[in-house]
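Here is the structure we will look at, set down as structure tokens.
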Amino acid sequence: VAVGEIISAGIIPGGLEMMDKLAIQAAEDFVHVGYPTDAEAILLCEIDGTNEEVSEQILIVREVMQQCGATEVRTARDEAEREAFWKGRKAAFPAVGRLAPDYYCMDGTIPRKHLPYILRRMAELSVEYDLRVANVFHAGDGNLHPLILYDANTPGELERTEAFGGKILELCIEVGGTITGEHGVGIEKLPQMHLQFNRAELNQFHAVKRAFDPAGLLNPGKAVPTPRRCSEYRQLPAQDSPTAQDKNQPSQHPCEQL
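So the sequence shown is numbered by our numbering: it starts at 13 and just counts up by one.
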């Protein structure tokens, strides 16, 4: 809630990052910067501007945080303390990497107002899939980076992890967000492209791709799903199967062949 309230108060932070309890504990154990390991979550808010602007905005942020129920609000007293605050956040990914043999990083985005709901649902999914998840993300722009902890050497755990990650992306779409904020689509997120985009939009993506790459040589099979991928994801009715369709004929399905 505090994230949206800070932005609504007219504050545009230079950085507004969130870490949940598991991420806090991992980072503190790794770099020892004084994070409150009993906190359910922390927000790191960096303000920039003139001295007067920064001082005024710090007071506003402090008031907003207290109104939203923060148990403690700390302000860096000098540059060394500011760097210490950020050291834990910057070390969060390698720190979480010490908790399990592997982790799977997602990259969905959501409207900020839905952060509480999404975090609750991720906690429920964590129980459902029996996999821990550490949240470290860019709260200011709603760009999520949940880290799902798993062991690839345990049979079935990678598949369960990928299914969990797919559910997180579906949640992002459900609340009006997107399946990627900064890491791209690649191959990993092709199934969710069908959920975020409609027939006309996917057709346009393929049309642009054909215009610049008519031979289909650049990154084939990535970023935009093909009909075969749609069939695998059960988005195609049987009669729309592309197997017998001439590659050079217009497709009736949202995922035209390249």
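Think of the CB as a built atom: it goes at the ideal place given N, C-alpha and C, for glycine as much as any other residue.
When the Cα atoms are used, what is the spatial distance from residue i to residue j?
i: residue 165; j: residue 100; result: 29 Å
i: residue 207; j: residue 123; result: 17 Å
i: residue 67; j: residue 61; result: 9 Å
i: residue 117; j: residue 132; result: 18 Å
i: residue 257; j: residue 183; result: Bear in mind that a pLDDT of 34 at residue 257, under 50, signals an unreliable position, so the number given afterwards is only what the model happens to contain. In a straight line, the C-alpha of residue 257 is about 34 Å away from that of residue 183.
i: residue 22; j: residue 167; result: 50 Å
i: residue 247; j: residue 127; result: With a pLDDT of only 45 at residue 247, under the threshold of 50, the placement of this residue in the model should not be trusted; the figure read from the coordinates follows. Approximately 29 Å between the Cα atoms of the pair.
i: residue 176; j: residue 43; result: 29 Å
i: residue 225; j: residue 216; result: 14 Å
i: residue 48; j: residue 198; result: 37 Å
i: residue 231; j: residue 189; result: 26 Å
i: residue 234; j: residue 72; result: 45 Å
i: residue 25; j: residue 77; result: 14 Å
i: residue 210; j: residue 63; result: 49 Å
i: residue 203; j: residue 237; result: 7 Å
i: residue 269; j: residue 218; result: In this predicted model, residue 269 has a pLDDT of only 39, less than 50, meaning its place in the structure is not dependable; the value taken from the coordinates is given anyway. Rounded to whole angstroms, residue 269 to residue 218 spans 8 Å at the Cα level.
i: residue 214; j: residue 113; result: 37 Å
i: residue 129; j: residue 227; result: 45 Å
i: residue 201; j: residue 90; result: 43 Å
i: residue 98; j: residue 92; result: 10 Å
i: residue 205; j: residue 139; result: 26 Å
i: residue 212; j: residue 141; result: 34 Å
i: residue 84; j: residue 106; result: 26 Å
i: residue 86; j: residue 94; result: 10 Å
i: residue 163; j: residue 229; result: 35 Å
i: residue 263; j: residue 222; result: Residue placement at residue 263 is flagged as unreliable, the pLDDT there being 38, under the threshold of 50; the coordinate-derived value follows with that caveat. Distance between the alpha carbons of residue 263 and residue 222: 14 Å.
Based on the DSSP output, what are the partners of residue i in its beta bridges?
i: residue 161; result: 115
i: residue 54; result: 31
i: residue 150; result: 29 and 155
i: residue 145; result: 160
i: residue 190; result: 121
Which residue wins for smallest C-alpha separation from residue i, given the options the options?
i: residue 121; options: 228, 196 and 32; result: 196
i: residue 74; options: 57, 127 and 169; result: 57
i: residue 158; options: 94, 143, 89 and 88; result: 143
i: residue 82; options: 89, 102 and 17; result: 17
i: residue 41; options: 65, 191 and 111; result: 111
i: residue 19; options: 113, 91 and 125; result: 125
i: residue 156; options: 163, 162, 191 and 137; result: 191
i: residue 102; options: 141, 162, 148 and 229; result: 148
i: residue 178; options: 221, 137 and 212; result: 137
On the premise that residue j lies in contact with residue i, defined as a C-beta separation below 8 Å, what is that separation, rounded to the nearest angstrom?
i: residue 160; j: residue 115; result: 6 Å
i: residue 146; j: residue 108; result: 5 Å
i: residue 80; j: residue 35; result: Rounded, the Cβ-Cβ distance is 20 Å, inconsistent with contact.
i: residue 54; j: residue 70; result: Not quite, the Cβ-Cβ distance comes to about 16 Å (not below 8 Å), so this is no contact.
i: residue 38; j: residue 104; result: 7 Å
i: residue 194; j: residue 119; result: 6 Å
i: residue 45; j: residue 88; result: Not really, about 11 Å apart at Cβ, beyond 8 Å.
From the beta carbon of residue i, is the nearest beta carbon of chain D less than 8 Å away?
i: residue 221; result: Here there is only one protein chain, and chain D is not present.
(message) Within 8 Å, do at least three Cβ pairs link the segment 29-45 to the segment 147-155?
(response) yes
(message) Contact between the segment 168-176 and the segment 184-191 is defined here as three or more beta-carbon pairs at a separation below 8 Å; is this criterion met?
(response) no
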